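Peer 1: My structure is below; once you've seen it, I'll send some questions.
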Amino acid sequence: MTAQDCEIPVCESSTSKQNRPSRRHRGPRKPSVPGSTAKVLSNGVPRANGEMRVHQSNEDEGETAKDGSAPKKKFRPRGNRVQKADQQPYQNTLGSPASEEKATNDNLNSEKEQATPCSNVRQRQQLSANNTQRSRNKITIFKPYLTEEEVQLGLKNGSLVKGAIRINQRKYEEAFINNPEGSDQTDIAVLGMPDRNRALHGDIVAVRIRPRACWVVNEELYKSWKQRCSPTVVNRPSDEVSGDVHNVLDTVAGNSSNASLGSSPADNCSCSAEKEVQAYDTPGAVYKCVEEQVVDVIEALTTSVVLEQGQLHEMKTECTSSVVSSATPLHPNDDKGKTVKRKTYRVLSELPLEDWVLPDSCLQKTAEVVAIVEKKNSRLATGKLELASSTQRQWAKFSPSDSRIPRMMIDASQLPNDFFNRPQDFAKFLFVAKIAEWPENSLMAHGNLEKQLGLAGEIDVETEGLLITHEIDTREFSDEVIACLPSVSSESGWQIDEEELAKRRDLRDEIIFTIDPKTARDLDDALSINPCDDVDGAGKPGWEVGVHIADVSHFVYENTVLDEWASKRANSVYLVHQVVPMLPRLLCEELCSLNAGVDRLTFSVIFKMDGEGNVYEEWFGRSVIRSRVKLTYEHAQDFIENPDKEFSESEVPEISDDTTVCQIKEKVLQLHSVAKALRAKRSQSGSLQLDQPKLKFALDDETKMPIGVSIYQAKDSNRLVEEFMLLANMAVARKIERHYRKTALLRLHPPPKAKVLRDAINLCNSIGFPIDGTTSQHLSSSLAPFRSNSQLLRSINQVLSMILMKAMELARYFCTGSVESQSCYHHFALNVPFYTHFTSPIRRYPDIIVHRLLAASLNYCEPSERTVEEIQKIAEHCNDKKLTAKKVSEASAETFFGILIQRVGPMEAKGVVVNVLDAAFDVLLFKYGVIKRIYVNALEMSQEPLFLESPNRLTLYWNTDAGRVEQLIQMCTVVDVVLTGLPEPTKFQAVIKPKSRKESPTLIEMWRERQSQGGDISDLNFDSLLVD
C-alpha cells in the first residue's frame, strides 16, 4: 500500500461504545430528565477548555410542523439514512432480538413525546439544553493523551510504538510511521483524523496498534493467497469452515485486547479487555465499524448541539472523508458522464469471515496516536482568512496553504479591522497563524494570528511566509556575535599576524584556485595540483593534489556567542534569490572566503596519488594560501571541452600574482584527468549515483522575478570538484575516527528499507527495465547503461532514478559513541565505511566540529570536552535543520516555478507518465525535472475514460480534427503537457494534448526499438518525441 493513491476506511473511533449491542435501526434519542440541570452557553467563541458554545435555537428540536404545533425531532432510521454522492451506503448490522425490542419501545416512547404539544417554551428550551449537555458530555473527536509515565511504560513493555509521523500531503487523512519490526515490513498506517489525534507532520508520537480486524488488506497479496487457498476452502466441510471462523473471532478478540491494552496504566484510557471480547462475540458486532459511530456523533450534533456552521461543516467533511470508502463522481465534460468509482482499500473486517485466516503478510498494520512525545512541527502555517459563516462574528476560519495543517479558529479580537464587514478585501492576503490549542471535541484547532504578510503571489511575501513557518532564523547578528570577530581595518583590510603564519604550512607560492557557481560569494574550497616524481616511495610518478578548505574554526571558538548562534542555525539556507547565512557576512564573504589575490587561512589535505587515482600518502594540516583566480564552473568546463584552445585573459576572471591563463587551464585539465580516474574507481567500488534534477532560474535584475527556467546540468567541471571533496571527506573521517573512537562526528547513509526498495525494483522490472538491487554496486551497474548523452537514455535514467530515489533513506550525522559498532558507520550510496563533512564549514556547522576534531588530532588544540550525548544531540539538531533547509529550498523553487507559469504561461513540455490512478496520473517533465499530477476531469474528452488495473492503465477518448482518437496512458507513456496558471497565485495545473496511441509510445517501446537495431539507430528518431 502506498501513501499516495490509497483511500482506506477506518474501523474504530474514539467515540466507540464497545458494550452497546448493534441494531438495525435506532429511533430518536430520548430527552433528558426534565429535572436535570444544564448550562446553555451563548453563541460565540469556544472556551479555553475546549467546550463548544451553543446557539440557542428551536433548531435543536427539529422543524416546526405546518399546523404550528411543537416541532418534532427528525427520525431517520439508519437503513434509510440519506446517502451523499461521494459516500457508499453505511453497513447495516444485525443485533440481538432484545436490542431490536428495546429500539421499538424507544421509538414508541419517542413518538408519544413528540406528539404531545409543549405549551411552555421554557420547558422546550430546558429539554434542548438537557440534550445539549448530555451530547457534549459524550462526544469527543479525539481521545485524551496518555501521561508521560504511561507512555514510557507502554514503550518498555511493547504495547506502544514510537516513531516520527509522516502525513501524506495529497491525502492528509493518511499518515505513516516506520515499522519497528524491520525494514522488510510495511509502514504502520495511521488513518483518519481521530486516530492521528492532533499529531502533525514530523512529530515524534507514541502509537497503539489497532485490532487486527482494522488492518488494511493488501489486495494483490490477498488475491494471490485467495487463489492458492480457494480449492482447499471449497472442498472442506462447512462445519470445519464455521469452526475456523469462530477461532478467528476468538483470535481477533484476543489480539484486539493485547494490541490495544497491553499491561500498562494506559488501560485506563481505553476499553477493558472484557469489553473488547464482548464487542467481538457476534459477527454483527465485528462488522460495526467507525462509519456508524461517526454518524452517531454527527446525528447527535445536529439534533442536540447546534455548532457554529463552520465547525459542523468541518466535522462532517473530516469524519466522512476519513471513514467512508467513496465512489466519487467523475465528470470530465461539464458534469456529463457517469460516476467512476474510485479504487478503495479494505480492512480485514470487510472481508468474508472465512478469509480472516489470511496471513499477516497480506495486511498492513494500523495504529492510533496515544501521545505526542516531541512536537517537532512548528505549528506555524501560512494561509488565508475566511468567514466561518455569513452570520456569526465571534471568530473566523484560517485555512492553511499546507493541507497537513488543520484549519484554525481565530478569535475576532485578533482579526484585522473591518474583516467581517469587508472579508473579500482580505481574501488575497497571506497571514501566518500558529496553533495555540486543539481541544478534544473540535476538528478545528484554536489558533493565534501571528502576522499579516501581504498579497499572495509576491516574491517577498511568499518567501517571508516560507521562512517563518519553517522557523528559519533571519535576524541580524547581535553586537555580541560581531564582537567575537577580529577587527578589520577599512584601509588595509584584515591581515594575518606573523605569529599565526609561523604555525602554518605556507602554500602561497603554489597555484591554487577556486571553482564555484557564478553567484557564489562564500568560497570555502580551493584546489591545487603538482607533478610528483615519487608518490609511493619506489619512484612511481604521479601527482600531489591539494584540497584546501577555509579554516572557519580559527574564528569560531567553542562555547562563544558566535558558536551558539552558528550551532542553532546549523546551516545556511539557500533560496532561489537569496541566502540566509549561518555565519555573519564578514566571515562568510570576507575573512573566511577564499577570494582571489588575498591571503587566507585554510585547513589542507594533500594527497600523493598516481594517475589511476590510487592514494599513497595523505597529509593533514593548517595552512595559508593565496588563490589565483575565482573560476566558475562554466570557465572550467570551457577548458575541459576545448583543451587545445588558446584562451585570452579577457575570457576568464582576473588572475593574480602573474599567473597566466595557460597555467590555470593546464592545472584544470590535470585535475580533470585525475578526477575521472577517481570517479571510475568509485564506480567500480559500488558507489551509487541517482540524478536529482534541480531547477535553475533566470531572474530579472531589478524585480528578482523569474523570467526563465532550466534544469541545472552537472557537467565534468562539477564532477571534478565533487570527486576531490569526496576524497577529502573520506580521508578526514578515517583520521578523526582513529583518534576519537567515541566522540567523532561522522555521516552515515542507511540502506533503503528492504520492502520499499523491493517494490521500487519490481516496478522498474515490470515496466521493462531490469534492475538488480542486491547492493549499491549492483544498483549502480544496472543504471550504468542509461548514463549517456543520448536524450532517450537520459530520459530513462531520469525515470529510474526518480523511482529508486523514493526508496532511499536520508543520510544523517551521528556521534560514533552513540551506535553499537563500526558496521553502523557505513554510507550506503558511496559504499564506504567512513564518511563525514569537512569541506563546507562556512555553511555547515557539523564541518566546524569536524575541523575542531581534526585540529585536536594534530595537536593544534585540546580536544573538546563535549560528551557523547552532547555531540549526538548536536548531530540530531543538525539533521533536523539540514532537512528543513532542503524543504525550504525546494519550496522556494516550486514558488518561483509557479510564479513563472503565471507570468509567461501557458508553457509546453514533454513528459513521461510515472504513476497511473483511476482518476489521475503523474507526469515527470523532462525539461524541468518536475512531477505534476494531471486530473482526468480537467481534460476535455469526448467520453469518460476507461480504467483497468494490473497494471494500471487509462484509456482516454478524444475528439480531434482528425476524428476520434484513443490514447493509452500507462507507465512511461510519453505525453505533451501544457502548464497554465490558476487564479490562486503560484498555483498552476497541467493538462495533456490529445495524441493517438502511435504518437504517444512508451520509453520501453522506444528503448526496445533502439536495442533491436543493435543500438545503432540514431537518437534523432526519438528527439521529436522527447525534446520540446
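Under the numbering used here, the letters of the sequence shown match residues 205 to 1232, in that order. For glycine and all other residues, C-beta sits at the position ideal for the given N, C-alpha and C. Predicted, not measured: the structure shown is a model, and the values here were computed from it.
Excluding the 5 residues preceding and the 5 following Thr-764 in the sequence, name in chain order all residues of the same chain whose CB lies nearer than 7 Å to its CB.
Peer 2: Within the same chain, Thr-764 has close Cβ partners Cys-688.
Peer 1: On the three-state DSSP scale, how would you describe Gln-1217?
Peer 2: Coil.
Peer 1: Among all the DSSP beta bridges, which residues are the ones paired with Tyr-1017?
Peer 2: For Tyr-1017, which the question treats as bridged, DSSP gives the partners Arg-951.
Peer 1: Could you tell me the distance, in whole angstroms, from the CA atom of Val-828 to the CA atom of Glu-941?
Peer 2: Taking the straight line joining both Cα atoms gives about 26 Å.
Peer 1: Assign Pro-604 to one of three DSSP states: helix, strand, or coil.
Peer 2: Looking at Pro-604 - three-state DSSP - the assignment turns out to be strand.
Peer 1: At what residue ranges does the segment 670 to 714 contain a whole run of the alpha helix (DSSP H), taking only runs of 4 or more?
Peer 2: Listed in chain order, they are 683 to 686, 702 to 706.
Peer 1: Quick one, are the C-beta atoms of Pro-671 and Val-665 less than 9 Å apart?
Peer 2: The sequence given here has Leu at residue 671, not Pro. Contact: no.
Peer 1: Rounded to whole angstroms, what's the CA-CA distance from Ser-1093 to Leu-899? Just pull it up for me.
Peer 2: So the alpha carbons of these two residues sit roughly 11 Å apart.
Peer 1: In this structure, does DSSP put Val-739 in helix, strand or coil?
Peer 2: Coil, per DSSP.
Peer 1: For Arg-830, collect the residues of the same chain with a Cβ closer than 6 Å to its Cβ; drop the 5 residues on either side in sequence, then sort them by chain order.
Peer 2: Excluding residues within five positions, the ones whose Cβ falls inside 6 Å are Arg-712, Asp-803.
Peer 1: Is the Cβ-Cβ distance between Phe-630 and Lys-588 less than 9 Å?
Peer 2: It is a contact, given that the beta carbons lie within the stated cut-off.
Peer 1: How is the alpha helix (DSSP H) around Arg-773 delimited, first residue to last?
Peer 2: That run of the alpha helix (DSSP H) goes 765 to 773.
Peer 1: What separation, rounded to the nearest whole angstrom, lies between the Cα atoms of Cys-1176 and Thr-390?
Peer 2: C-alpha separation (whole angstroms): 26 Å.
Peer 1: What does a CB cutoff of less than 8 Å around Leu-183 pick up in its chain, not counting 5 residues either side in sequence?
Peer 2: The structure shown does not extend to residue 183, since the chain spans only 205 to 1232, so no value can be given for it.
Peer 1: Does the segment 1194 to 1202 come into contact with the segment 952 to 972, if we say contact requires no fewer than three beta-carbon pairs (one atom in each stretch) closer than 8 Å?
Peer 2: No, the segment 1194 to 1202 is not in contact with the segment 952 to 972.
Peer 1: Which whole-angstrom value describes the C-beta separation of Lys-1131 and Ala-1113, a residue pair presumed to lie in contact below a C-beta threshold of 8 Å?
Peer 2: Confirmed, about 5 Å.
Peer 1: Using a Cβ-Cβ cutoff of less than 6 Å, which residues in the same chain neighbour Leu-795 once the five nearest sequence positions on both sides are dropped?
Peer 2: For Leu-795, where only same-chain residues beyond five positions count, the Cβ hits under 6 Å are Trp-698.
Peer 1: Following the continuous beta strand (DSSP E) through Arg-1242, name the residue where it begins and the one where it ends.
Peer 2: The structure shown does not extend to residue 1242, since the chain spans only 205 to 1232, so no value can be given for it.
Peer 1: Between which two residues does the beta strand (DSSP E) carrying Lys-1114 extend?
Peer 2: Looking at the DSSP string, the run of the beta strand (DSSP E) that includes Lys-1114 is 1111 to 1120.
Peer 1: Quickly, what does DSSP pair Pro-415 with across the bridge? List them, please.
Peer 2: BP columns for Pro-415 are empty, so no partner.
Peer 1: Helix, strand or coil for Val-510 per DSSP?
Peer 2: For Val-510, the predicted structure reports a pLDDT of 34, less than 50, and the residue's modelled location is therefore unreliable. The matter cannot be settled from this model.
Peer 1: Let's see if you can read the secondary structure: which residues bound the beta strand (DSSP E) around Phe-1038?
Peer 2: Unbroken run through Phe-1038: none, as it is neither H nor E.
Peer 1: Determine the contact status of Ile-753 and His-405, defining contact as a CB-CB distance below 9 Å.
Peer 2: Against a cut-off of 9 Å, the Cβ pair of His-405 and Ile-753 comes out as no contact.
Peer 1: Of all the options Leu-1104, Ala-592, Val-574, Asn-969, which has the alpha carbon lying nearest to the alpha carbon of Thr-907?
Peer 2: Looking at the Cα atoms, Leu-1104 is the closest of the given residues.
Peer 1: Return the CA-CA distance between Lys-946 and Ile-1052, expressed in angstroms with no decimal places.
Peer 2: So the alpha carbons of these two residues sit roughly 18 Å apart.
Peer 1: Out of curiosity, what's the CA-to-CA distance linking Gly-669 and Phe-811?
Peer 2: Going from the Cα of Gly-669 to the Cα of Phe-811 covers about 46 Å.
Peer 1: Closer than 7 Å by C-beta to Ile-1007: which residues in its own chain qualify, once you throw out the five before and the five after it? Chain order, please.
Peer 2: These residues qualify, in order along the chain: Ala-964, Leu-967, Cys-968.
Peer 1: Three or more beta-carbon pairs under 8 Å between the segment 1124 to 1139 and the segment 384 to 402, yes or no?
Peer 2: Touching, no, given that fewer than three Cβ pairs across the two stretches are closer than 8 Å.
Peer 1: Considering only residues of the same chain and omitting the five flanking positions on each side of Ile-1075, which have a CB-CB separation below 7 Å?
Peer 2: The answer, listed in chain order, is Thr-947, Leu-949, Cys-1019.
Peer 1: Fully enclosed by the segment 1030 to 1095, which alpha helix (DSSP H) runs are 4 residues long or longer?
Peer 2: As far as the segment 1030 to 1095 is concerned, its whole alpha helix (DSSP H) runs of at least 4 residues are 1049 to 1061.
Peer 1: Confirm the yes/no value for this check: CB of Ser-984, any heavy atom of the ligand GDP, distance under 8 Å.
Peer 2: The model depicted lacks the ligand GDP and carries no ligand whatsoever.
Peer 1: Using the three-state DSSP reduction, which class does Arg-1107 fall into: helix, strand or coil?
Peer 2: Correct three-state label for Arg-1107: helix.
Peer 1: Name the residue from Ser-593, Pro-604, Lys-580 whose alpha carbon lies nearest to the alpha carbon of Thr-586.
Peer 2: Closest by alpha carbon: Pro-604.
Peer 1: Between which residues of its own chain and Lys-638 is the CB-CB distance below 7 Å, once the five residues before and five after are set aside?
Peer 2: Around Lys-638: Arg-583, Leu-584, Gly-651, Asn-652, Glu-654.
Peer 1: Using only the alpha-carbon positions, how far apart do Lys-243 and Asn-401 sit?
Peer 2: Only weak support is given to the placement of Lys-243: the predicted model assigns it a pLDDT of 33, under 50, and the value that follows is read from those uncertain coordinates. Their backbone Cα atoms lie some 28 Å apart in a straight line.
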